[in-house]
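One structure below.
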Amino acid sequence: MIYLDHAATSPVRPEVAEVMAPFLRGERFGNASGSHRAARDARTALEEARDEVADLVGAQPGEIIFTGGGTEADNLAVLGATNAALGAFESTVAVVCSAVEHPAVLEPCRALARGAGRAPNHLQEAGSGVELRIAPVGADGVVDVDGVAELLGPDVALVSVMLANNEVGTVQPLDAIATAVRRGAERAVIHTDAVQAAAWLDLAEAARQADLVSLSAHKLGGPKGSGALVVREGTPLEPLFYGGGQERERRSGTYDVAAAVGLACALRTAARYRQIEVARVAALRNRLADAITSTVPGAVETVDRHGTLPGHCHLLFDGIEQEELLVLLDEAGVCASAGAACASGALEPSHVLTSMGLTPQVARSSVRFTLGHTTVADDVDRAAVAVRLAVGRLRA
Ligand code: PLP
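Whatever position you read off the sequence shown (first residue = 1), add 4 for our numbering.
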């Protein structure tokens, strides 16, 4: 198997499996909320993981909320910040997000605009509607900073712009956006979905302007169902889950210590090898993109590779149906993706690509290859040959 779908998920790193094992095998099994020795042992591991995650992303330990993955972190950010504003603002509040956000951000934003997703105490309040404003992106997939600025105002409660896009891999100008938001929307909370970026960028620097930062472990070689939301001190946020009051009342539910320990180890390992890995993986990505675009007529890179994460290779194949190409690649042992499969597996034309101005037909000719910590030169060389043969067969 040639696995080139790291943006969908990355295999668990051996270091991560090792540190999680005692918690999964039942050697360290305590409930971290309790007070006896088994509980204290779990609590110690949890708080060490929290300290480490905080340190690696440039936050304080009390600013980390462990979640059940990136989707939960995004929902907590969007719904939690907007619900807090609905309680504090005098009138309708506005939420701004980019057109290329992951559904884990777009859908809670849309739910709020429909009147769903609100905390019960806000449902009856007169005039407490939520208006959704979508910021445009250019043909390069980069969020238009002036376009964001035009949507700002005193009514804006939340601005959510991802640090890097999951489909085409473009890194967004978060600093410039944050500067515009601080100027044009004084009360707005800034959220960034750093789920894809975390493997490749130093979040302590890249996400420093954001009040809320979403993370997911499985994109980094950590376990699925593990993530975190960074909530900077003083950021208003209402919980999604009520219950035992864990995570300082912000996320109830028995602590998943194994998941937290796995996230910390995945982040630590990614940080340790980042410098070498960014250069190594970018070189392999370039080799793959060059090999395909130089041997397959009508194959082009969707966006300029210089503005993307190092592992992303997003290509358009003129006249080819992505679904057919992906089937042939799968037969040849190459795992790639369309980048926008919904849970049913049906391929819709990507909202990211259509927001960039591509027609639905062109969007359906795209394939995303994403490289990661396990990718080696032989993978990309064999994948490039498989792509050439598969496109040749489809054209014949
Ligand atoms: N945000 C982005 C940008 C993603 O790529 C993903 C995963 O596909 C998510 C959020 C959701 O994360 P999780 O799979 O941990 O729920």
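Even for Gly, the Cβ is constructed at its ideal location relative to N, Cα and C.
**Request:** Output yes or no for whether 8 Å exceeds the beta carbon distance between ALA189 and GLN176.
**Result:** As a working note, residue 189 is residue 185 in the sequence shown. As a working note, residue 176 is residue 172 in the sequence shown. The answer is no: Cβ separation not under 8 Å.
**Request:** Compute the beta-carbon to beta-carbon distance between ALA161 and VAL99, rounded to the nearest angstrom, for a pair I have assumed lies under 8 Å.
**Result:** Start at 1 with the first residue of the sequence shown, and residue 161 comes out as number 157. Start at 1 with the first residue of the sequence shown, and residue 99 comes out as number 95. ALA161 to VAL99, Cβ: 6 Å. Contact.
**Request:** With a cut-off of 8 Å on the beta carbons, I'd call SER341 and ALA108 a contact; round off their distance for me.
**Result:** In the sequence shown, the residue the question calls residue 341 occupies position 337. In the sequence shown, the residue the question calls residue 108 occupies position 104. About 17 Å; that fails the 8 Å criterion.
**Request:** Would you tell me roughly how many angstroms separate the C-alpha atoms of GLY91 and MET166, rounded to the nearest one?
**Result:** Stepping through the sequence shown from its first residue, residue 91 is reached at position 87. Stepping through the sequence shown from its first residue, residue 166 is reached at position 162. Each residue's alpha carbon lies about 26 Å from the other.
**Message:** In whole angstroms, give me the CA-to-CA distance for ALA400 and ILE324.
**Reply:** Residue mapping note: residue 400 aligns to position 396 of the sequence shown, counting from 1. Residue mapping note: residue 324 aligns to position 320 of the sequence shown, counting from 1. About 11 Å.
**Asked** For TYR7, which residues does DSSP report across the bridge?
**Response** Taking the first residue of the sequence shown as position 1, residue 7 is located at position 3. Bridge partners of TYR7: CYS339.
**Request:** Just confirm the distance between the C-beta atoms of LEU313 and GLN200, as a whole number of angstroms; I'd bet it's less than 8 Å.
**Result:** Start at 1 with the first residue of the sequence shown, and residue 313 comes out as number 309. Start at 1 with the first residue of the sequence shown, and residue 200 comes out as number 196. About 6 Å; that satisfies the 8 Å criterion.
**Message:** With a threshold of 7 Å on Cβ separation, who are the neighbours of ASP411 within its own chain once the five nearest residues in sequence on each side are excluded?
**Reply:** Outside the shown range of the chain (5 to 400) lies residue 411, about which nothing can therefore be said.
**Message:** Can you determine whether any heavy atom of ligand 1 sits closer than 7 Å to the C-beta of ASN79, and answer yes or no?
**Reply:** As a position in the sequence shown, residue 79 is number 75, starting the count at 1. It does not: the Cβ of ASN79 is nowhere closer than 7 Å to a heavy atom of ligand 1.
**Asked** Any idea if HIS222 is buried or exposed, counting beta-carbon neighbours within 10 angstroms, 16 or more meaning buried?
**Response** Along the sequence shown, read from residue 1 onward, the residue named residue 222 stands at position 218. Classification for HIS222: buried.
**Span separating the alpha-carbon of VAL193 from that of VAL61** = Stepping through the sequence shown from its first residue, residue 193 is reached at position 189. Stepping through the sequence shown from its first residue, residue 61 is reached at position 57. Looking at the two C-alpha atoms, the distance is approximately 18 Å.
**Prompt:** What is the C-beta distance between LEU136 and ALA117, in whole angstroms, given that I count them as a contact (C-beta under 8 Å)?
**Reply:** Within the sequence shown, residue 136 is the residue found at index 132, counting from 1. Within the sequence shown, residue 117 is the residue found at index 113, counting from 1. 4 Å between Cβ atoms; contact.
**Request:** Return the Cβ separation of ILE69 and GLU251 in integer angstroms, given the expectation that the two are a contact with Cβ distance under 8 Å.
**Result:** Mapped onto the sequence shown, residue 69 falls at position 65. Mapped onto the sequence shown, residue 251 falls at position 247. About 5 Å; that satisfies the 8 Å criterion.
**Message:** Considering only heavy atoms of ligand 1, does any lie closer than 7 Å to the CB of THR75?
**Reply:** Counting from one through the sequence shown, the residue named residue 75 turns up at place 71. Yes, the Cβ of THR75 comes within 7 Å of a heavy atom of ligand 1.
**Request:** Could you please give the first and the last residue of the uninterrupted beta strand (DSSP E) stretch that includes SER164?
**Result:** Taking the sequence shown and counting its residues from 1, the one referred to as residue 164 is at position 160. SER164 -> beta strand (DSSP E) spans 160 to 164.
**Request:** Buried or exposed for GLY249, please, with buried defined as at least 16 other CB atoms from any protein chain shown within 10 angstroms of its CB.
**Result:** Reading the sequence shown from its first residue, position 245 is the one you call residue 249. Counting Cβ neighbours within 10 Å, GLY249 comes out exposed, since fewer than 16 surround it.
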